[in-house]
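Below is one structure, written out as structure tokens, with a few remarks after it.
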Amino acid sequence: MSIKLQKSNFQKFIVSKQVLDAETADRVFNELVLDGKNIVDLILAKGLLNEDVLRDLLAEYTGWKVGEVPFGLPYRTYEFIKYNISQKYRIVCFEVSDSFVRVATDNPLNLEMKEIIDFLSRARGIQIGLFVVSRSDMNQLLAAYREVYERRKDIYDNVPNNINNESEEQPLAHVQMQIDKVEKVEAPKPVQKEKEMSAAASTENLESNAVVEERIEELREGGLFEDDYNSEQKSWLKLLQKNVESREDLQGIINTRNIPQIVASFVNFAIHRKASDVHIEPMPNKIRVRYRIDGVLEEVVQMDKTLQPALISRIKILALLKIDEHRVPQDGQFRVTFEGRLVDLRISSLPTVYGEKIVIRILDVSGGRLTLEQLGLQGLNKEKVERNSHRNNGMILATGPTGSGKSTTLFSILGIVSVPGVNVITLEDPVEYHIPGVNQCQINDEIGFSFAKGLRSILRQDPNVIMVGEIRDTETAELAVHASLTGHLVLSTLHTNDAPSAVPRLIDMEVEPFLIASSLVLVMAQRLVRKVCDHCKSEITVPESKKVEITESLKTVPSEHLKRINLDLNDMKFYRGLGCDYCNNTGFKGRIAVYEIMEMSDELQKLAIKKVSGNDIFEQAVREGMITMRQDGFIKALQGMTTLDEVYRVTTK
Numbered sequence: 138m139s140i141k142l143q144k145s146n147f148q149k150f151i152v153s154k155q156v157l158d159a160e161t162a163d164r165v166f167n168e169l170v171l172d173g174k175n176i177v178d179l180i181l182a183k184g185l186l187n188e189d190v191l192r193d194l195l196a197e198y199t200g201w202k203v204g205e206v207p208f209g210l211p212y213r214t215y216e217f218i219k220y221n222i223s224q225k226y227r228i229v230c231f232e233v234s235d236s237f238v239r240v241a242t243d244n245p246l247n248l249e250m251k252e253i254i255d256f257l258s259r260a261r262g263i264q265i266g267l268f269v270v271s272r273s274d275m276n277q278l279l280a281a282y283r284e285v286y287e288r289r290k291d292i293y294d295n296v297p298n299n300i301n302n303e304s305e306e307q308p309l310a311h312v313q314m315q316i317d318k319v320e321k322v323e324a325p326k327p328v329q330k331e332k333e334m335s336a337a338a339s340t341e342n343l344e345s346n347a348v349v350e351e352r353i354e355e356l357r358e359g360g361l362f363e364d365d366y367n368s369e370q371k372s373w374l375k376l377l378q379k380n381v382e383s384r385e386d387l388q389g390i391i392n393t394r395n396i397p398q399i400v401a402s403f404v405n406f407a408i409h410r411k412a413s414d415v416h417i418e419p420m421p422n423k424i425r426v427r428y429r430i431d432g433v434l435e436e437v438v439q440m441d442k443t444l445q446p447a448l449i450s451r452i453k454i455l456a457l458l459k460i461d462e463h464r465v466p467q468d469g470q471f472r473v474t475f476e477g478r479l480v481d482l483r484i485s486s487l488p489t490v491y492g493e494k495i496v497i498r499i500l501d502v503s504g505g506r507l508t509l510e511q512l513g514l515q516g517l518n519k520e521k522v523e524r525n526s527h528r529n530n531g532m533i534l535a536t537g538p539t540g541s542g543k544s545t546t547l548f549s550i551l552g553i554v555s556v557p558g559v560n561v562i563t564l565e566d567p568v569e570y571h572i573p574g575v576n577q578c579q580i581n582d583e584i585g586f587s588f589a590k591g592l593r594s595i596l597r598q599d600p601n602v603i604m605v606g607e608i609r610d611t612e613t614a615e616l617a618v619h620a621s622l623t624g625h626l627v628l629s630t631l632h633t634n635d636a637p638s639a640v641p642r643l644i645d646m647e648v649e650p651f652l653i654a655s656s657l658v659l660v661m662a663q664r665l666v667r668k669v670c671d672h673c674k675s676e677i678t679v680p681e682s683k684k685v686e687i688t689e690s691l692k693t694v695p696s697e698h699l700k701r702i703n704l705d706l707n708d709m710k711f712y713r714g715l716g717c718d719y720c721n722n723t724g725f726k727g728r729i730a731v732y733e734i735m736e737m738s739d740e741l742q743k744l745a746i747k748k749v750s751g752n753d754i755f756e757q758a759v760r761e762g763m764i765t766m767r768q769d770g771f772i773k774a775l776q777g778m779t780t781l782d783e784v785y786r787v788t789t790k
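Just so you know, we're using the working numbering here: the sequence shown kicks off at 138 and counts up by one.
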């Protein structure tokens, strides 16, 4: 079952049940948003619904069971939820066994409480039955727990956090020796309604694993856990430190059929090869493992098909995914320390006809931000970006397909504008790099925290600079444009083929052309090309016809740009990598971006208002001195940064 936490959805639900009229519901939810009040508290405080009616509505909405719990708390509840956590999040266990726990709360919409339940379920491998009780019943349960705690505080505070260290036959045996029998403290019983309870289904993973990771510190501070969360991961981290230097080493480890060591070896070898992704792909009779290195997929090894179930399960366990769910995609995250730096492993599973495909994205979060020069911006292009980055208002867009480095470019710009006197706020999905001094927000569509909703909220946070991870829809586009017109510098990304196409794309998203003309100040289109390996770089000869083609192509490039980068078109030289140990005999090492920077002029603004085609805007931008991506690629090939083949591969005329 799935719990929807969006206020708008619950509002529609209670209106559909005709327990509140639409006008009253609107008023209540508006107050909730403005004051940040809990919806359950608000409804009960205003006397809008009887607490039993509200309980039944919450149970129906979330899919939980209605609870008429027995009022007595056995001692073993404390093994699962500590007293301070129980009181803070209004959650109590009323039945505990070695494999099943029943939990009661009066507010199943509390996301933080739900995070704790889901975390405990996965970490301890225990099935949890979920029950909704009324406010009065919950108060009495908490009072009963408080009385038990006060009477046995000396014993309770000595209960070990990791119950898995005890024998399976007698958990907490040394504590039970001090207690002759299970102690129950009776609380005054409310009127019972003779409803039979059945075991609820196990909870589902509603929050992203990034949220769980942020919550773990609070759980530990509450005395809830010490080692359980990292028990599997800690042993795997030790295996990760064993270096794998060649494919032969990797194949030897695979032959041992030691699944934890195999998974660690995949990641270790990928990090050493500077791969951005590891693809574990099930085939009809084998498993294929490929690495994406410098943007190109490369097959590394093949494995026996019989290893597939154990391999997939091991990766899911590390990422805290559901190992028994094979029908729907899942996403998780696992942060590791490798050779003194932090590395994020982002795991994605996708059901295919031959089994689940796993992709592990490797992100070095300890790496510093790149400068504009390191990204590939130079000459007039760099000057345009720097000039517009210091504006007080307007919108700067980075465009291109997925994986073209748009976000990395925006992060570099944030490094320029993030100074003590500037309030910078970002909306990202996900937050990849943590930037000191910048207020970064994680988008979570599952709870209704979208780019549009986040943008509306941060406008009340007095920002100077706003970065929106992506403009996906009309609402986000309109909000971003209006923000840029009201004294904010807005940075964002858009999916277009080139820079001029950003204007018709925004018009297609129903943004008024005159607003685009007034707000848009700079568009940066980009692609990534592989860099020639410096250790085996060698000059090559190209046909004269190719030189003539390149010379003709570069005619419209401003002479000032060529002068600033010290490039002489009369002395054309081209290079490629011969292949060496440093680049694993590929001839390439690393990547750099080729750019197309379009700075909005008066003429371009007039064309935007007239709704002309992207080609017309492109031609005008070139007449005004815009350097196209192919031209920038040719220039970088002449500078020895990349090859002509790479330029032709990623750019169009």
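Don't be surprised by glycine CBs; every beta carbon is placed ideally from N, CA and C. Keep in mind that this is a model prediction, so the values were computed, not measured.
*Less than 9 Å separating the beta-carbons of Val-602 and Leu-622?*
Against a cut-off of 9 Å, the Cβ pair of Leu-622 and Val-602 comes out as no contact.
*Would you mind sorting Gln-768 into buried or exposed? The rule is 16 or more other CB atoms within 10 Å of its CB.*
Answer is buried; the Cβ neighbour count reaches 16.
*When the Cα atoms are used, what is the spatial distance from Glu-385 to Ile-449?*
Their Cα atoms are separated by approximately 23 Å.
*Do the region 562 to 577 and the region 604 to 616 touch if we need at least three Cβ pairs shorter than 8 Å?*
When Cβ pairs closer than 8 Å are counted between the two stretches, the region 562 to 577 is seen to touch the region 604 to 616, the count reaching three or more.
_Given 8 Å, three or more beta-carbon pairs between the region 728 to 735 and the region 674 to 683_ = No, the region 728 to 735 is not in contact with the region 674 to 683.
*Return the CA-CA distance between His-463 and Ile-495, expressed in angstroms with no decimal places.*
Whole-angstrom Cα-Cα distance: 12 Å.
*Give, in chain order, every unbroken run of the beta strand (DSSP E) that is at least 3 residues long and sits entirely within the region 549 to 622.*
DSSP assignment within the region 549 to 622 yields the following whole beta strand (DSSP E) runs of 3 residues or more, N-terminal first: 561 to 565, 576 to 579, 602 to 605.
*Which of helix, strand or coil does DSSP assign to His-416?*
In the structure shown, His-416 sits in a strand (DSSP, three-state: E or B).
*Looking only at C-alpha atoms, which of Val-490, Val-238, Glu-697, Ser-413 sits nearest to Gly-542?*
Measuring from the Cα of Gly-542, the nearest candidate turns out to be Ser-413.
*Using only alpha-carbon positions, find the residue among Ala-281, Pro-695, Asn-560 that is nearest to Asn-518.*
From the listed residues Ala-281, Pro-695, Asn-560, the smallest Cα separation to Asn-518 is found for Pro-695.
_Top-ranked residue by Cα proximity to Thr-788, from Asp-635, Arg-239, Arg-506_ = Of Asp-635, Arg-239, Arg-506, the residue nearest in Cα terms is Asp-635.
*With 16 other CB atoms within 10 Å as the buried threshold, where does Val-465 fall?*
Exposed is the call here.
*asked:* In the DSSP assignment, the alpha helix (DSSP H) including Thr-199 goes from what residue to what residue?
replied: DSSP places Thr-199 in the uninterrupted alpha helix (DSSP H) bounded by 188 to 199.
_Same chain, Cβ closer than 7 Å to Asp-193, neighbours up to 5 away in sequence not counted_ = Once the five neighbours on either side are set aside, the close Cβ partners of Asp-193 are Val-203.
_Residue environment, Ala-589, which counts as buried when at least 16 other CB atoms sit within 10 Å_ = Buried: at least 16 other Cβ atoms inside 10 Å.
_Here's a check: name, in chain order, each residue in its chain whose Cβ is nearer than 7 Å to the Cβ of Glu-436, leaving out the five neighbours to either side._
If you ignore the 5 residues before and after Glu-436, its C-beta comes within less than 7 Å of the C-beta of Arg-425, Arg-427, all in its own chain and listed in chain order.
_In chain order, what are the residue ranges of uninterrupted alpha helix (DSSP H) at least 4 long that sit wholly in the region 732 to 758?_
DSSP runs (the alpha helix (DSSP H)) wholly in the region 732 to 758: 739 to 746.
*How long is the line joining the alpha carbons of Leu-387 and Phe-406, rounded to whole angstroms?*
In a straight line, the C-alpha of Leu-387 is about 8 Å away from that of Phe-406.
*With 16 as the cutoff for other CB atoms within 10 Å, does Phe-147 come out buried or exposed?*
The residue in question, Phe-147, is buried, as its Cβ has 16 or more Cβ neighbours within 10 Å.
*My guess is that Leu-278 and Phe-217 are in contact by the Cβ rule of under 8 Å, so how many angstroms apart are they, rounded?*
A Cβ-Cβ distance of about 14 Å is found for the pair Leu-278 and Phe-217, leaving them out of contact under the 8 Å criterion.
_Segment limits, beta strand (DSSP E) that includes Lys-674_ = Run containing Lys-674: 674 to 677, per the beta strand (DSSP E) assignment.
*Neighbour-count burial assignment, Leu-775, 16 or more Cβ in a 10 Å radius*: Looking at its Cβ environment, which holds 16 or more other Cβ atoms inside 10 Å, Leu-775 is buried.
*Can you tell me the Cα-Cα spacing of Glu-647 and Ser-549, whole angstroms?*
Rounded to the nearest whole angstrom, the CA to CA distance from Glu-647 to Ser-549 is 30 Å.
_Backbone CA spacing between Phe-150 and Arg-451 [nearest angstrom]_ = So the alpha carbons of these two residues sit roughly 40 Å apart.
*Decide if Ala-535 is buried, meaning its Cβ has at least 16 other Cβ atoms within 10 Å, or exposed.*
Within 10 angstroms of the beta-carbon of Ala-535 lie 16 or more other beta-carbons, which makes it buried.
*If you follow the beta strand (DSSP E) that Met-440 is part of, which residue opens it and which one closes it?*
Segment 433 to 441, the beta strand (DSSP E) holding Met-440.
*Determine the burial state of Val-556: buried for a count of at least 16 other Cβ atoms within 10 Å of its Cβ, exposed for fewer.*
Under this definition Val-556 is an exposed residue.
*For the putative contact between His-698 and Ile-754, defined by C-beta atoms under 8 Å, what is the C-beta separation to the nearest angstrom?*
About 20 Å separates the beta carbon of His-698 from that of Ile-754, a gap too long to meet the 8 Å contact definition.
*asked:* Are the CB atoms of Gly-262 and Asp-238 within a distance shorter than 9 Å?
replied: Sequence check: residue 238 is Val here, not Asp. Contact: no.
*Taking the CB atoms as reference points, tell me whether Cys-670 and Phe-711 lie closer together than 9 Å.*
Against a cut-off of 9 Å, the Cβ pair of Phe-711 and Cys-670 comes out as no contact.
_Restricting to Cα atoms, I'd like to know which of Gly-540, Leu-195, Glu-649, Ser-656 is closest to Gly-525._
Per the sequence shown, the amino acid found at residue 525 is Asn instead of Gly. Among Gly-540, Leu-195, Glu-649, Ser-656, the Cα nearest to that of Asn-525 belongs to Ser-656.
*Using a beta-carbon distance below 9 Å, is Leu-479 in contact with chain C?*
Note that chain C does not occur in the displayed structure, where there is just one protein chain.
*Shortest alpha-carbon distance to Ser-523 belongs to which of Pro-600, Phe-268, Ser-682, Leu-547?*
It is Glu, not Ser, that sits at residue 523 in the sequence shown. It is Leu-547.
*Member of Val-490, Ile-553, Leu-512 whose CA lies at the smallest distance from the CA of Val-666*: When Val-490, Ile-553, Leu-512 are compared, the shortest CA-CA separation from Val-666 is found for Leu-512.
*Opening and closing residue of the beta strand (DSSP E) in which Val-685 lies*: In this chain, Val-685 is not harboured by any beta strand (DSSP E); it is covered by the alpha helix (DSSP H) spanning 681 to 690.
*Between which two residues does the alpha helix (DSSP H) harbouring Ile-449 extend?*
That run of the alpha helix (DSSP H) goes 445 to 455.
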